[in-house]
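Undergrad:
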Amino acid sequence: MSLINTEVKPFKATAFQNGQFIEVSEADLKGKWSVVFFYPADFTFVCPTELGDLADNYEEFKKLGVEIYSVSTDTHFTHKAWHDSSEEIKKIQYVMVGDANWTLAKNFDVLIEADGLADRGTFVIDPEGKIQIVEINAGGVGRDAQELLRKVKAAQYVHAHPGEVCPAKWKEGDATLAPSIDLVGKI
């Protein structure tokens, strides 16, 4: 079953952010746009490149009213230790959620149970708490924060402009489409 347009399921987790441990729940994902960004594990190889890329683009996400929640099946203590020991991870100011009990990984259907790890799953959630974008990558395939920014902008545009859609490669300011019978066979 697709998670598109489903509401985020209830959860409670402890996270690390800016030197503090904080509590996070599904309520924190409502009222604003959110990105929930699953990755397999701390202290690995592709993961720090992705999280560093998100950190480098975090201000752009914040300008769009988007909060980032990175999630792995590590604990919040492990997130702090990684943050304290890695120059790449030290740049992170967004929320790093610990999901050691696998609740979030199960809720978002990205758990690799045999390994106790999460797939590389990216979820864009609208202010009503509904999932608008789902992307799952194989473990060896890293993601691109600039492409994610483009997708978030498209999702926000469509959300704010009912009856319009964003075509392939749409970028902010480009023309959109208004689906109608008049367009059938003309694109």
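Those letters in the sequence shown? Residues 1 to 187, per UniProt numbering, in order.
The C-beta atom is built at its ideal place from N, Cα and C for all residues, glycine as well.
1. Could you give the residue range of the alpha helix (DSSP H) that holds residue 6?
2. For residue 104 and residue 173, I'd like the C-alpha separation in whole angstroms.
3. Less than 7 Å separating the beta-carbons of residue 50 and residue 121?
4. According to DSSP, is residue 15 part of a helix, a strand, or is it coil?
5. Tell me the rounded alpha-carbon separation between residue 155 and residue 115.
6. Identify the residues that DSSP records as bridge partners of residue 33: which are they?
7. So if DSSP puts residue 120 in a beta bridge, which residue, or which two residues, is it bridged to?
8. Which partner residues of residue 110 appear in the DSSP bridge assignment?
9. With residue 25 as the anchor, note down where its beta strand (DSSP E) starts and where it stops.
10. In whole angstroms, what separates the C-alpha of residue 84 from that of residue 16?
TA: Based on what the coordinates show:
1. Along the sequence shown, read from residue 1 onward, the residue named residue 6 stands at position 6. Run containing residue 6: none; DSSP gives neither H nor E here.
2. One-based indexing of the sequence shown puts residue 104 at position 104. One-based indexing of the sequence shown puts residue 173 at position 173. About 35 Å.
3. Against the sequence shown, residue 50 aligns to sequence position 50. Against the sequence shown, residue 121 aligns to sequence position 121. No, Cβ-Cβ distance for residue 50 and residue 121 is not below 7 Å.
4. Residue numbering aside, residue 15 sits at position 15 when the sequence shown is read from its first letter. If DSSP states are grouped into helix, strand and coil, residue 15 belongs with the strands.
5. Taking the sequence shown and counting its residues from 1, the one referred to as residue 155 is at position 155. Taking the sequence shown and counting its residues from 1, the one referred to as residue 115 is at position 115. The alpha-carbon atoms of residue 155 and residue 115 are separated by roughly 33 Å.
6. Here residue 33 refers to the residue found at position 33 of the sequence shown. In DSSP, residue 33 forms a bridge with 66.
7. For the purposes of this step, residue 120 is identified with residue 120 of the sequence shown, where counting begins at 1. Bridge partners of residue 120: 137.
8. In the sequence shown, counting from the first residue as 1, residue 110 sits at position 110. According to DSSP, which records beta bridges pairwise, residue 110 is partnered with nothing at all.
9. Position 25 of the sequence shown, counted from the start, is the residue given in the question as residue 25. 20–25 is the extent of the beta strand (DSSP E) around residue 25.
10. Looking up residue 84 in the sequence shown gives position 84. Looking up residue 16 in the sequence shown gives position 16. Going from the Cα of residue 84 to the Cα of residue 16 covers about 11 Å.
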